[in-house]
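Letter by letter, the sequence shown follows residues -19 to 64 of my numbering. Inspection log for the structure reproduced underneath, given as structure tokens.
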Amino acid sequence: METWEGTGAVTTGITLRWGRHELMGQLVTDPTTGRVGRLDGVLEHVARGAGRVLRVEAHMRPVDGSGVEWTADANALVPMTESS
């Protein structure tokens, strides 16, 4: 169960672990922001006890020269194609 307080998240009953993703290391589009980046890592938010993955967070590195990294929903990422 997650509990949210103020502007920061306070979690209870959640374990974080590194996950895998079929697009790891590839260029992808984050459809929420429209940004393009390289998928650098995946963090899974797992319910303690049940072991159920609640959220899969992608860590993105920009390719636009901005230097500003961001997180995205790993399940929503779209792979870049040669025609993109």
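Where a beta carbon is used, it is the ideal one built from N, C-alpha and C, also for glycine.
Beta carbon of residue i nearer than 8 Å to that of residue j
| i | j | result |
| --- | --- | --- |
| Asn55 | Val43 | no |
| Leu23 | Leu(-4) | yes |
| Gly(-7) | Arg32 | no |
Buried or exposed (CB count within 10 angstroms, at least 16 for buried), residue i
| i | result |
| --- | --- |
| Val8 | buried |
| Gly53 | Residue 53 is actually Asp in this sequence, not Gly. So Asp53 counts as exposed. |
| Ala38 | buried |
Nonlocal neighbours in the same chain, by C-beta distance under 6 Å from residue i, ignoring five residues either side
| i | result |
| --- | --- |
| Arg41 | Gly17, Arg18, Asp20 and Glu49 |
Cβ-based neighbour list, residue i, same chain, cut-off 8 Å, excluding 5 preceding and 5 following
| i | result |
| --- | --- |
| Leu3 | Leu19, Leu57 and Pro59 |
Close-in-space but distant-in-sequence residues of the same chain around residue i (CB under 7 Å, 5 per side omitted)
| i | result |
| --- | --- |
| Gly(-14) | Only weak support exists for where Gly(-14) lies, its pLDDT of 41 falling under 50; the value from the coordinates is given anyway. Here the set comprises nothing. |
| Pro11 | Ala56 and Val58 |
Rounded separation between residue i and residue j - CA only
| i | j | result |
| --- | --- | --- |
| Arg0 | Gly45 | 26 Å |
| Thr61 | Gln6 | 10 Å |
| Glu47 | Val26 | This sequence places Gly at residue 47; Glu is not what is there. Using only the alpha carbons, I get a separation of about 29 Å. |
> Which full runs of the beta strand (DSSP E) of 3+ residues lie inside the stretch -15 to 35, going along the chain?
Replying inline: As far as the stretch -15 to 35 is concerned, its whole beta strand (DSSP E) runs of at least 3 residues are -12 to -9, -6 to -2, 7 to 9 and 16 to 27.
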